[in-house]
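Read in order, the letters of the sequence shown correspond to residues 3 to 146 in the numbering used here.
Using N, Cα and C, we set each Cβ at its ideal position, and we do this for glycine too.
As the structure is a prediction and not an experimental result, all values here were calculated from the model.
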Amino acid sequence: MKLRLATALDAPDLARLENTQTLCAHWGENGWKTETAQPASIVWCAEEEGQLVGFAAMRVAAGLGEILNVAVHPNYCRRGIAFSLLSKLLQEARHQSCEELSLEVNIRNRAAISLYTKLGFLEVGRREKFYNAKEDALIMRISV
Ligand SMILES: CC(C)(COP(=O)(O)OP(=O)(O)OC[C@H]1O[C@@H](n2cnc3c(N)ncnc32)[C@H](O)[C@@H]1OP(=O)(O)O)[C@@H](O)C(=O)NCCC(=O)NCCS
Numbered sequence: 003m004k005l006r007l008a009t010a011l012d013a014p015d016l017a018r019l020e021n022t023q024t025l026c027a028h029w030g031e032n033g034w035k036t037e038t039a040q041p042a043s044i045v046w047c048a049e050e051e052g053q054l055v056g057f058a059a060m061r062v063a064a065g066l067g068e069i070l071n072v073a074v075h076p077n078y079c080r081r082g083i084a085f086s087l088l089s090k091l092l093q094e095a096r097h098q099s100c101e102e103l104s105l106e107v108n109i110r111n112r113a114a115i116s117l118y119t120k121l122g123f124l125e126v127g128r129r130e131k132f133y134n135a136k137e138d139a140l141i142m143r144i145s146v
């Protein structure tokens, strides 16, 4: 597995990859172009044999970081790819002197909650009916 920073040139592949998973945010090619061009945005991606198989996106502003989107292609799950990508975001947050990183996750997304817990994120709150006005979000946070 090769980890590297994504650029706007990766937007078509990032859009294809997000469509392999339902529980991530779906930004589309233009959304990824916009995101990767944002100075506050950091997107790490993982490659296997030249193909993009995972991404993790974060924004940092005023000492606070937010994880915005994470996904790994179903054929490459449970190999430590998301853990490695998020570890890169944590390193970057430290490098940028961030105080904390936060995120929202669907309360029913056990895989993602387990992933974030393994990295050291703690539940700090909930947003009721956050997803489609139906499902609750957990707010998770880590001091960096
Ligand atoms: C959540 C997701 C990103 C995990 O990616 P991954 O590369 O398979 O994760 P890793 O292999 O790095 O797993 C790290 C830890 O996450 C947890 N985890 C990952 N997949 C899991 C699953 N299916 N069930 C339970 N725990 C899981 C485990 O704690 C795992 O550690 P372990 O392997 O030592 O048990 C991937 O399943 C995915 O793309 N899901 C859909 C999109 C999504 O939910 N994004 C997050 C939105 S907030």
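* To do: Measuring alpha carbon to alpha carbon, tell me which of E31, T24, E20 and Q23 ends up nearest A10.
  => E31
* Asked: Taking just the CA atoms, how far does R112 sit from G82?
  -> 16 Å
* Asked: Which term fits L91, buried or exposed, when burial requires 16 or more other beta carbons within 10 angstroms of its beta carbon?
  -> Counting the other Cβ atoms within 10 Å of the Cβ of L91 gives 16 or more, which makes it buried.
* alpha helix (DSSP H) segment containing D15, residue limits -> Where D15 is concerned, the enclosing alpha helix (DSSP H) stretches over A13 to E20.
* To do: Pull up the distance between the alpha-carbon of E49 and that of V55, whole angstroms please.
  => Cα-Cα distance, rounded: 6 Å.
* To do: Mind checking who E101 pairs with in its DSSP beta bridge?
  => Answer is none; E101 lacks a bridge partner.
* Taking DSSP as the reference, what is the three-state secondary structure of Q53? -> Strand at Q53.
* Asked: Based on the DSSP secondary-structure assignment, which residues constitute the bridge partners of Y133?
  -> E137
* Pick helix, strand or coil for L124, following the three-state DSSP scheme. => strand
* Considering only C-alpha positions, which residue in the set H75, S43, G65 and L66 is nearest to D15? -> H75
* Taking DSSP as the reference, what is the three-state secondary structure of W46? -> In this structure, DSSP gives W46 an extended state, which the three-state scheme calls strand.
* Does the beta carbon of F85 fall short of 8 Å from some heavy atom of ligand 1? -> yes
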